[in-house]
Structure formats: C-alpha cells, structure tokens
Amino acid sequence: MSKIVKQEMMGMNGDTACAYAVKQCNPEVVAAYPITPQTIIVEVFSEYVANGEVTTEFIPVESEHSAMSTSIGAAAAGARAYTASASQGLALMYEMLYIASGLRLPIVMTCVNRALSAPINIHGDHSDAMGARDSGWLQLYCENSQEAYDTIIQAWRIAEHKDVLLPVMVNIDGFILSHTLENVSVIPDDAVKKFIGEKKIPVVKKPNGELTPYILHPDYPASIGAIDLQDYYFEHKRQQAEAMNNALKVIKEIGEEYGELTGRTYGLIDPYMMDDAEIAIIVMGSTAGTAKYVADLMRNKGVKAGVLRVRSFRPFPRDDIVKALKNIKACAVLDRSMSFGSYGGPLFTEIRSSFCYECDKPIIVNYYYGLGGRDAPPNLLDNVFNELKNIAETGKTGEEIRYLGLREGEKDAVNYKAELVSFKDLNTGKIGGK
Amino acid sequence: MSIIKPKDLALTEEKLAPGHRLCPGCGEPTTVKLVLKASDEPVIVCSATGCLEVSTSIYPYTSWNVPWIHSAFENAAATASGVEAAIKALKRSGVYKYDKVNVLAVAGDGGTYDIGFQALSGAFERYHKIVYLLLDNEAYMNTGIQRSGGTPSYASTTTSPDGKVIPGKLQTKKQISRIMVEHEPAYVATISAAYWQDLMQKSKKAFAADGPAFLHSFTPCPRGWRHADNLSIELCKLAVQTCIFPLWEAEKSDGKMVYKLSAPSKQIAKNPDKKKPIVEYLKLQGRYRHLFKPEEKTELIKQIQDWVDTEWNIILERCGEK
Ligand SMILES: Cc1ncc(C[n+]2csc(CCOP(=O)(O)OP(=O)(O)O)c2C)c(N)n1
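Quick note, the sequences are listed as chains A and B, same order. Residues in the first sequence are numbered from 56 upward in steps of one, following our numbering. Residues in the second sequence are numbered from 501 upward in steps of one, following our numbering.
Okay, structure coming up:
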C-alpha cells in the first residue's frame, strides 16, 4: 500500500518553489537581503509575512553579512533560521559562512547560483557556491524547481540531524531555474510540518563534563563562540569533518524517507542510464536535464551514453561516484566555475583524485562551460558525447582541460593581449586619446 | 528610579565572573559587570571580537555566567538582532519560558565606529529591542592599539604614531552617540564607571526601553593610553570633569529625541568654573606625551581644548542648557 501523500500541482519558478517550501516549513526567523536572481524568494516570502501566512520573524537586514550574522544569532537562540543569497551576496557572507558551520548551527540557505564579479554578470554559474565549498556547509545542487522545493524541506532534517548539525546550502541555477516556470508538485502543509518535525536542541558536553543544551537560554548559561586556541581548535575541526562525513548517510536516509512520502527519492548522486553506459557526462545542477535529454538521443543512435548528476558536492560522495563510473570508458566532467590556477575545475579535480588509487578508471576529461550564464544547449552536449565516443574508441585522451561553447582565436577586444605603457606615454598621446 | 546602594551591588550575582584575563586597570569588566547587574531580567550577551571577548572566553574556561555568544567582529548588532527575533518568534509559538529576556550587544570602538557601524545602524533602524553597549577605549586594543574612528586628536597609536612630522592622529573623534541619537532609537546615553550610580540608572533605562538603546561607555585602557593601572577610575572622572566626555542621555518623547544632561555634567553646566582644563586629563596619559615632551606643544593642546569646548557647547545646546 502506498503511503504517498496527495499532492497539488503548482506552476512555480525555482525561487517561488523555494519560498513556498520555506513558507510550509515556517521557520522562526528569515533574514535576507535582495540580490538578482534570488530576489523573488525575498519578495514572495515578504508577501507571505504581510498576509499572515507564516509566523516567521522576517528581518530585512542591511546586508548579506548581517543576514548570516542574524541567522547565526537566531539559530543559537534556538530558532530555525533561513536565508537566501547569490553571487556577491554570498561572497559578502563568506566570513560568516565559516562561523555558522563552525558553531554547528543548522541554518538553511538557498544559493541561487550566479557568476561572480568582475566583470559583473547576473546570470547563472557555480562560481559563487564554489567559492564557499570549503566553508563547512553542505552543498546540494538541484536539477529543477521540483527538486528545489523538495530539497528545502529535506534540508532542515539533514541540517538538524544529531550526527550532522551543520548548515545546508541548497543550490539552484540562476535564471535557468530561479526564473523559469515549471510544474511543481507540492505536498500539504501538515505533511511538511510532520516531516520536518519540531525543532530539537542538541545536548553537548561542557569542558567540565556536565551536559548542557547547546542554546542561548537563561537557564543554561553557555558560552557559544569562545576563543579556541592551539590546545582544542584542531579537535573541534576534526569533529566538524566527522559531521560532514556523517552527512553522506543522512542525506540518503532523509532522501529515501522523503521518497516514501512523496514518491520522489533523492540521494547523493543521480545516475541516469549509467548501468551499461560506456561514456558519461558528469554534471551538477540544471544542465543535467539537458544532458539526460541528449543521452536519450545518443541511445537512440545506439551509443551507450549516460549521465551522472552530482547532487551533493559537500559532502563529496567519493565512493558512490567511483562505483557509478567504474565501468565507464571515458567521461567528461562539466565545471560551471573556475578555480583559477588549478589543474581543472572544482568538480573535475575532486573526481580525478577520487580515482587516484583505483585500478579501473575511466579516461576523464574536463570541460569548462556555461560561465556567466552562457547557454549549454543540446548540440554542445552532443559534441561532448561525440568527443567522448572518439576518446573511448581510440583510447586517446587528447586535451584534458577543454572549453565548451567558448569563442577562441577571434581577433576582437575580448582576446586582445595587453601591452604596458608609462604615465609619460599617456601624457604624450602615444596611444591616441583625446 | 530608586537609588542603587553599594550593598545591593554586592548582593547581586556576578554575571561576569572574576578570573578573566583582561589587564589590570582595564575599564571594560568594570562597566560590563555594572551594566549586567542593572538587568533585573535574564540577559543574553552578544560580544563582538575584541579584548573583552578574547579575555573572557578562552576555551575550556569562560567568565560568563549568562548565555553568551561571539560570532565575529563587525556584527554584534546583527547577531543580537537574530537573538532578539528568535526569542520573539519562540515566545509566539508558546515554547519560550521567559516573558522578557534582555539582549545585550557589546563591542569596542573598532567594532562600533568603524567596521561594525553598518550592522549597528541597520539594527537600530529596524528597531530591534536590544541594548548596544559600546566599550570605547578609543583604539583597536586587542590587535595592539591601532587608531579607530573613536581615537581622539593627537593621540598616538600604532597606526597614528607621533613621528617627526606627524603628531599622532590628525582627525577628530567621531561623535558616535550623537549619530545614534539621529537614528531616533528609544534611548541613548553616555556612561562613565566613575559615576556608577548614573551608569546603572541609565542601564536600567536602556533595558526597560521600548526599542533599541545605545550605551556609550568611556573605558580607559592603561596599556593603550599608557597610564598607571590605578588611574582608570580617576580618568573616568576627569573625562567628565574636563567635558571631553560629558554625561548625557537622550530619550524618545512624543516621537522626538530629547537630550538631557546628567547630574555630574549638569553641575559643570551650572558652574562653568568647575570645568577643568583638558591638559590635566592629557598629561596623565602616555599617548599624549609628545604634546608635552621634549617641549610643550601649546598650539596642539589649545586645538584639543577648542575641540572640547566646541563639542561641549553642542551638547549644552542639545540639552537646552544654553
Ligand atoms: C573582519 C575582521 N577584521 C579584523 C579583525 C581583527 N581584529 C580583532 S579585534 C580588533 C580590534 C578590536 O578593537 P575594538 O573594537 O576597539 O575593541 P577592543 O579590543 O579595543 O576592546 C581587530 C582589528 C577581525 N577579527 N575581524
């Protein structure tokens, strides 16, 4: 007998789907600052507040730094706290991201992925979240608005799980998801309420051995955020690493429990036609949808193509990924951000190092793509599969680091190599001027 | 408000316990203890990074007998906003035991005049019911005495040292409390531990205020100001007697901020003869030594005196004493 709850289909973009899920979760505190393409979340949530649809204290803070600081204060005082940001906003929060995770506060945030300045660009890529990949937040990347909605609801359970107690960042691609209308199945309010349950307070051990609830509460005076020097800091960081590790199991468990409720099960990775695949695209976020579509086309042509979508980037599901790619001949890791000076993008380097000690490993190439919202249409991914097919057949890797959908070699301003002149040259009009 | 007796002080619980590692003569714990003693309700403290934070919370020890959080340097007001909002929401959902919990944000001058100013301004504009205590020791002391927006003219700090051509900080002290009054919060007051009853009365008002309250504490730092450890309270007194740090409060009344001079400064307003020359205050502090040695820099001292007089007159005007 199916226990799946009755659901309603709503037309929503990714931002609204997030706001709607947050409304149903009704956290005590939401503190946020607007930034494109996250703005809709803040606006829609403000309407819920104005119309009395939530009992949340909504704090329209004066900056993202304060959004995270306020969320930290609220979470430490025992509240559920939510915020949302993107790009420059997330960058401004950077200091506080580490503090939220280091203080082990289960805050939930949507990051509507957007390129980082300079040059300023409001469109989708993963540079913002990747800049925060070592900040101790869990990072889940969504393929569509449905997943955005579903993941916000699961995020509280994951973050507040006693073996985790870490903040969770739910990533959705700017514009492609945030601003695109999709059908989203929503579950009833009371089902959400029941699924996330009441907020529980962790009990921790004080240095003197006594137990105490980890909360700012008059009856249990605790010092949260103490200075922690050479003699203890390292152990605390180790605990944090352990919690991140535990999250691998918890994300799966919660994703399965959510599946029993909704019929939509989630895990750390999302393999598509990977069982017998010989070539595969590995990707995060909305591009996975396009890649799956192209994989279908390849399959129609008799090519054994598959897609491995990485849903959880932090924690990084190394074992699951290795297992999923074991029998692959050649695969392409698509990175929607750059780690300047690194040999390959963030996802590529993680995946390659995952295979370091494996005997059976696929040929792995890296494609940078989609920076600043550059489109990744089916024909581009089709090229990737064709190149992979060639690599698989010949066994020749060729260039390991590649670019997808990039104009190169054009003699225009974008590719002009700068020369240097002196101030004196400027005064003598050496290079023209007024 | 009733007069607070020393006996009452002795009998109330120490919310900031002794054994912390602040320097001998530091003005910070004196003020903090007194402010905390003024809270009749439970209080939650949100500290900014700075001397107080690092000296009271070295893990696995803590001096705090009240719930305390430190998250970063520039965000005490934002962190406190979150605590206040959380309690409000938790009370609404019926799970919170206490009806009134005071939320106290504490920060130094660096965390207030400079890097924390945005968060402070935002929290006051949003009208969170928090008390913000500024411990003004007139420089970044925790990192080794660097200048701040609160450092007064010609004070020597490690980033405004008195050199062969520059005699210490060239700019004047920012009038942060007056700026806070312009936010039109519920309450603003200046406090000095030498006048502890005034300090406690004002703290009580701040905790009882129906909106954000700002307490600006004059807080000597023997290390940074280079004065003898036992002179801190003397300097707290002299600062008021010379009028470089007048005691006043501003309260919202009929939607308008009304300034009022506090008794110790009011006495001087009534008897201007009692106003001591600033040189008496300056010469006790090594940070001003270059104004006296090798020879007295009469012109610079006069500039400081002129600045004190101008600012004092502004306060007298605002308080309706002119
Ligand atoms: C973002 C950031 N910048 C710089 C610092 C380094 N820092 C720590 S405390 C401090 C100065 C504190 O000065 P103040 O606020 O006046 O407090 P005091 O230590 O004098 O009480 C500085 C610069 C920091 N912790 N965080």
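Glycine included, each C-beta is placed from N, C-alpha and C at the ideal position.
**Request:** Spatial neighbours of L443 (chain A) within its chain, please: CB distance less than 6 Å, with the 5 preceding and 5 following residues excluded, ordered by chain position.
**Result:** I334, A385, A387
**Asked** Hey, is L552 (chain B)'s beta-carbon within less than 8 Å of any beta-carbon in chain A?
**Response** no
**Item:** Where P722 (chain B) falls: helix, strand or coil (DSSP)
**Value:** helix
**Message:** Could you check whether V358 (chain A) and I336 (chain A) sit closer than 8 Å to each other, using their CB atoms as the reference points?
**Reply:** no
**Prompt:** Since L590 (chain B) meets chain A, which of its residues come closer than 7 Å, beta carbon to beta carbon?
**Reply:** E83, G133, A134
**Prompt:** Taking 7 Å as the line, does the beta carbon of Y632 (chain B) fall inside it for any heavy atom of ligand 1?
**Reply:** no
**Request:** Using 7 Å as the cut-off, classify the Cβ of S233 (chain A) as near or not near the heavy atoms of ligand 1, replying yes or no.
**Result:** Checking every heavy atom of ligand 1 against the Cβ of S233 (chain A), none is found closer than 7 Å.
**Prompt:** Is the CB-CB distance between V109 (chain A) and K78 (chain A) below 8 Å?
**Reply:** yes
**Request:** State yes or no: is the C-beta of L620 (chain B) within less than 8 Å of the C-beta of A577 (chain B)?
**Result:** Yes; because the gap between Cβ atoms is below 8 Å, this pair is in contact.
**Asked** Measuring from the CB of C551 (chain B), is there a heavy atom of ligand 1 at a distance below 7 Å?
**Response** yes
**Request:** Reducing DSSP to helix, strand and coil, say where I59 (chain A) ends up.
**Result:** coil
**Prompt:** Do L633 (chain B) and V601 (chain B) have their CB atoms nearer than 8 Å?
**Reply:** no
**Item:** DSSP-derived helix/strand/coil call for S140 (chain A)
**Value:** strand
**Request:** Helix, strand or coil for W192 (chain A), going by three-state DSSP, please let me know.
**Result:** coil
**Message:** Taking 8 Å as the cut-off, does the stretch 519-539 of chain B touch the stretch 632-651 of chain B (at least 3 CB pairs, one atom from each stretch)?
**Reply:** yes
**Request:** State the Cα-Cα distance for the pair S182 (chain A) and M339 (chain A), rounded to the nearest angstrom.
**Result:** 13 Å
**Prompt:** Is there a Cβ from chain A that is less than 8 Å from the Cβ of I878 (chain B)?
**Reply:** Because residue 878 (chain B) is not part of the residues shown, which for chain B are 501 to 822, the question remains open.
**Expected contact under 8 Å - CB spacing of G650 (chain B) and D698 (chain B) to nearest Å** = Rounded, the Cβ-Cβ distance is 21 Å, inconsistent with contact.
**Asked** Does at least one heavy atom of ligand 1 sit under 7 Å from the Cβ of S648 (chain B)?
**Response** yes
**Request:** Would you grab the beta carbon distance between V595 (chain B) and C546 (chain B) for me? Rounded to a whole angstrom, and I think it's under 8 Å.
**Result:** Their Cβ separation, rounded to whole angstroms, is 21 Å, which puts V595 (chain B) and C546 (chain B) out of contact at 8 Å.
**Item:** Enclosing beta strand (DSSP E) for E749 (chain B) [first to last residue]
**Value:** 748-753
**Prompt:** Looking at T643 (chain B) and ligand 1, is the gap between the Cβ and the nearest heavy atom below 7 Å?
**Reply:** yes
**Prompt:** Which bits of chain B does M164 (chain A) rub up against, with CB to CB less than 8 Å?
**Reply:** Here the premise fails: no neighbours, minimum Cβ distance about 14 Å.
**Request:** Compare the C-alpha of N168 (chain A) against each of A:V99, A:Q93, A:V223, A:A134 and name the closest.
**Result:** A:Q93
**Message:** Distance cutoff 8 Å, beta carbons only. Does I642 (chain B) sit that close to anything in chain A?
**Reply:** In the sequence on display, residue 642 (chain B) carries Asn and not Ile. No - not a single Cβ of chain A is within 8 Å of the one on N642 (chain B).
**Message:** When you compare the CB of V583 (chain B) with every CB in chain A, is at least one pair closer than 8 Å?
**Reply:** yes
**Request:** Would you please verify whether the beta carbon of M56 (chain A) is less than 8 Å from any beta carbon of chain B?
**Result:** With a pLDDT of 47 at M56 (chain A), under the threshold of 50, the modelled position of that residue is not reliable, and the figure given next carries that caveat. Taking Cβ atoms only, chain B never reaches closer than 8 Å to M56 (chain A), which makes this a no.
**Message:** Based on DSSP bridge pairs, tell me the residues matched to I337 (chain A).
**Reply:** A:L363, A:V388
**Message:** Is E574 (chain B) a contact residue of ligand 3, with contact defined as CB to any heavy atom under 7 Å?
**Reply:** With respect to small molecules bound, the structure shown includes ligand 1 and not ligand 3.
**Per-residue contacts from M151 (chain A) into chain B (C-beta, under 8 Å)** = S571, A572, N575
**Message:** So, at 8 Å on beta carbons, what are the nonlocal neighbours of A447 (chain A) in its own chain, with the 5 sequence-adjacent residues on each side left out?
**Reply:** Same-chain partners within the cutoff: E333, I334, K384, A385, I418.
**Request:** Tell me the start and end of each unbroken beta strand (DSSP E) in the stretch 149-227 of chain A that is at least 3 residues and wholly inside, in chain order.
**Result:** The DSSP assignment places 163-168, 193-196 as complete runs of the beta strand (DSSP E) inside the stretch 149-227 of chain A, in order along the chain (cut-off: 3 residues).
**Asked** At a cut-off of 7 Å, is E150 (chain A) close to ligand 1 when judged by its beta-carbon and the heavy atoms of the ligand?
**Response** yes
**Message:** For a minimum of 3 consecutive residues, which ranges assigned as the beta strand (DSSP E) are wholly contained in the stretch 438-478 of chain A?
**Reply:** Correct list: 456-458.
**Request:** Rounded to whole angstroms, what's the CA-CA distance from N106 (chain A) to F100 (chain A)? Just pull it up for me.
**Result:** Their backbone Cα atoms lie some 10 Å apart in a straight line.
**Request:** Would you mind working out which of A:I242, A:A173, A:T317, A:E311 sits nearest I324 (chain A), comparing C-alpha positions?
**Result:** A:E311
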